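The block underneath contains the structure these notes are about, expressed in structure tokens.
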Amino acid sequence: MFPSLDFSRFHDLSQREKFCRQFVSTLKEYGFVKLINHGIPFAQIDLAFAAARHFFQLPLEQKLKSPHPPTAHPHRGFSPVGLENIGAVSGYGSTTESPYLRDMKESYDIGSECDPLYKNIWPPAGVDDAFQPTFISFFEAGYRTELTILKALSIGLGLPEQTLGQLHAEQTNELRITHYPAVSRGDFAHSTRIAAHTDFGTITLLFQDAVGGLQMEVPPHSGQFADIESGGPYECILNVGDCLQKWTGLHSARHRVHLPSEEQFDGMVPERFSIAYFAKPDRAAILQPLLEGISDEKYLTANEFQHMRIAGTY
Numbered sequence: 184m185f186p187s188l189d190f191s192r193f194h195d196l197s198q199r200e201k202f203c204r205q206f207v208s209t210l211k212e213y214g215f216v217k218l219i220n221h222g223i224p225f226a227q228i229d230l231a232f233a234a235a236r237h238f239f240q241l242p243l244e245q246k247l248k249s250p251h252p253p254t255a256h257p258h259r260g261f262s263p264v265g266l267e268n269i270g271a272v273s274g275y276g277s278t279t280e281s282p283y284l285r286d287m288k289e290s291y292d293i294g295s296e297c298d299p300l301y302k303n304i305w306p307p308a309g310v311d312d313a314f315q316p317t318f319i320s321f322f323e324a325g326y327r328t329e330l331t332i333l334k335a336l337s338i339g340l341g342l343p344e345q346t347l348g349q350l351h352a353e354q355t356n357e358l359r360i361t362h363y364p365a366v367s368r369g370d371f372a373h374s375t376r377i378a379a380h381t382d383f384g385t386i387t388l389l390f391q392d393a394v395g396g397l398q399m400e401v402p403p404h405s406g407q408f409a410d411i412e413s414g415g416p417y418e419c420i421l422n423v424g425d426c427l428q429k430w431t432g433l434h435s436a437r438h439r440v441h442l443p444s445e446e447q448f449d450g451m452v453p454e455r456f457s458i459a460y461f462a463k464p465d466r467a468a469i470l471q472p473l474l475e476g477i478s479d480e481k482y483l484t485a486n487e488f489q490h491m492r493i494a495g496t497y
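Okay, so the sequence shown: first residue is 184 according to the numbering used here, each after it adds one.
What follows is the structure in structure tokens.
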């Protein structure tokens, strides 16, 4: 059983400092933590999952009317099964050599409506008219929650409370809705729902259904993956990304989505849905350590680092 923290304690001034220290301590140990009462309303989560299910049930030709470009940038729109190759970056920072596993998923990527560089790609009128307003609203809620969480992290790390939030003022974040179709258990011999990887940004807020299959590398750098039991869609699993690791030394959590361990899934593994909010630094932010005792050979901007990491995934 992995730790679950009640984020409402952050809003109680008598508990705030103790909570923030526990929050950071948990991330130091595992690279991730489960959060309840994180700030995104349950009703909004329900609407988002219902919208995701509705969109992915559309015929493929309808979904392809809002296609992801054939290159990694901009990271927007619908990607059918097989378009993205997370296996191409799954070995980043690892000495393990193994054949790439084929990812079995389809996804939809969304950014801020205020992003001056990359515009969103939405389903055209008449295809799924509820999709755009639902996920614009969810993106905005995710950003508000992100800023509060970054304040808690700053306090727990002993930094001025606005330190991390000030590096995320431009909302260069991404929201990804993912559908993992039902598959035969036998297909997992040469494929996976998503290959082992770390996230490129600062933190990821993951919401998922109860099907299971998420695994984290525990302990860090061990090569051993542990099943992370799903607490359902209202639970948020927060994991550290590469940029936060560079800034603070907190471990960037290596994770994957593989075969659920539940014995009742005999023969066919049911479909799975998840919504991930990737909090990313402003593009010009320098990935220079914020704490003493952390060193790096070269300080990239967040934009340079993101482009380096995502190259080859499409």
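We put the beta carbon where it would ideally sit given N, CA and C, even for glycine.
From a predicted model like this one, the values you see are computed outputs, not experimental measurements.
Cα-Cα separation between residue i and residue j, rounded to whole angstroms
i	j	result
P403	G309	47 Å
Y275	N220	For Y275, the pLDDT reaches just 44, beneath the cut-off of 50, and the residue's location in the model is therefore unreliable, although a value from the coordinates is still provided. Roughly 33 Å separates the two Cα atoms.
A436	L397	12 Å
H441	G222	29 Å
P253	D292	13 Å
E487	G450	44 Å
L421	R236	23 Å
G406	L427	21 Å
R259	F232	19 Å
A352	D465	7 Å
K302	H256	11 Å
I386	E244	34 Å
S277	D312	Note that S277 has pLDDT 43, beneath the 50 cutoff, so the model's placement of it is unreliable and no number is given.
M287	L388	21 Å
N356	I377	21 Å
Q489	G384	8 Å
E501	E412	This structure leaves residue 501 out entirely; the chain is present only between 184 and 497.
K429	A467	15 Å
S337	L350	12 Å
I319	C419	19 Å
Q500	R368	The chain is shown only over 184 to 497; residue 500 falls outside these bounds and no answer can be derived.
G325	T331	10 Å
Q240	Q315	16 Å
E475	Y482	15 Å
L230	I493	30 Å
L196	P242	50 Å
L300	E323	18 Å
Beta strand (DSSP E) segment containing residue i, residue limits
i	result
T346	Element bounds for T346: n/a, residue is neither H nor E.
E323	Careful: E323 lies outside any beta strand (DSSP E), inside the alpha helix (DSSP H) at 314-339.
L389	386-391
L196	Segment: none, L196 is in no beta strand (DSSP E) and carries neither H nor E.
E289	289-293
Q551	Outside the displayed range of the chain (184 to 497) lies residue 551, so it cannot be described from this structure.
E418	Per DSSP, E418 belongs to no beta strand (DSSP E) and is neither H nor E.
V310	Where V310 is concerned, there is no enclosing beta strand (DSSP E), given that its DSSP letter is neither H nor E.
V440	438-440
S435	Note, S435: premise wrong, no beta strand (DSSP E); not H, not E.
D382	Unbroken run through D382: none, as it is neither H nor E.
Cβ distance (whole Å) where residue i is taken to contact residue j below 8 Å
i	j	result
S431	L473	The sequence given here has Thr at residue 431, not Ser. Indeed they touch by this definition, with Cβ atoms about 6 Å apart.
E329	A462	4 Å
H434	G294	Rounded, the Cβ-Cβ distance is 27 Å, inconsistent with contact.
V394	P453	6 Å
K248	P307	5 Å
D298	Q354	7 Å
Nearest to residue i (by Cα), restricted to the options the options
i	options	result
T317	A409, F238, P263	F238
F321	M399, P306, I228	I228
P250	V366, I493, I304, Y460	I304
D425	S367, R368, E418, M491	M491
V264	K201, S191, A324, V366	V366
M399	K201, D195, E212	E212
F190	S197, L196, F202	F202
L188	L300, G414, L230	G414
Pair within 7 Å by beta-carbon distance, residue i and residue j
i	j	result
R204	G339	yes
L218	V423	no
D392	F456	yes
A335	F193	yes
A379	R439	yes
L333	L342	no
P364	F390	no
T361	S290	yes
A459	R359	yes
V216	P186	yes
Limits of the alpha helix (DSSP H) - the one that residue i falls within
i	result
D425	425-431
E487	485-493
I228	225-239
L243	243-246
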